[in-house]
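Engineer: By the count of my numbering, the sequence shown reaches residue 242 at its end, each step adding exactly one.
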Amino acid sequence: LPLALWPTLRSMTLITAPIVTFLLTGLENIGIQIEEPFRVLAIPAFCKTIENNVKDMVLAVSNSESYALIPPPVESSILRTNFVESQQSEFMND
Numbered sequence: 149l150p151l152a153l154w155p156t157l158r159s160m161t162l163i164t165a166p167i168v169t170f171l172l173t174g175l176e177n178i179g180i181q182i183e184e185p186f187r188v189l190a191i192p193a194f195c196k197t198i199e200n201n202v203k204d205m206v207l208a209v210s211n212s213e214s215y216a217l218i219p220p221p222v223e224s225s226i227l228r229t230n231f232v233e234s235q236q237s238e239f240m241n242d
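(1) Quick one: measure Cβ to Cβ for Thr164 and Trp154, integer angstroms, because I've assumed they're closer than 8 Å.
(2) For Val188, which of helix, strand or coil comes out of DSSP?
(3) Can you tell me which of Lys203, Pro150, Cys195 and Val206 puts its alpha carbon nearest to the alpha carbon of Thr169?
(4) By DSSP, does Leu149 sit in helix, in strand, or in coil?
(5) Please report how far the alpha carbon of Ile251 lies from the alpha carbon of Asn211, in whole angstroms.
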């Protein structure tokens with residue numbers, strides 16, 4: 149790199165080459181982190197938090213006498229019908 153910059157920059161090559169090298173090295177590190185984000189993220193901590201939350205919810209439901217926290221299951225066909233009807237009514241109102 150310094151030899152390629154010398155004809156253009158002359159003495160400024162001594163300042164420019166380390167800056168360009170630093171920027172290219174940083175760009176390479178960003179690319180590596182994007183390719184493999186799981187080395188950077190704390191996935192085990194996230195999983196442990198989710199596991200503890202689910203255990204707490206199961207314990208709360210099993211200790212309560214009423215299952216008011218759990219909504220009744222809804223059939224997907226009813227959801228689709230309601231969604232289509234709401235979209236049609238919004239379209240008609242506009």
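Each residue gets a CB set at the ideal place from its N, CA and C atoms; glycine is no exception. Since this is a predicted model, take the numbers as computed values, not measurements.
Structural biologist: Once the coordinates are examined:
(1) That pair is no contact at about 10 Å.
(2) Val188: coil per DSSP, three-state reduction.
(3) Pro150
(4) coil
(5) This structure leaves residue 251 out entirely; the chain is present only between 149 and 242.
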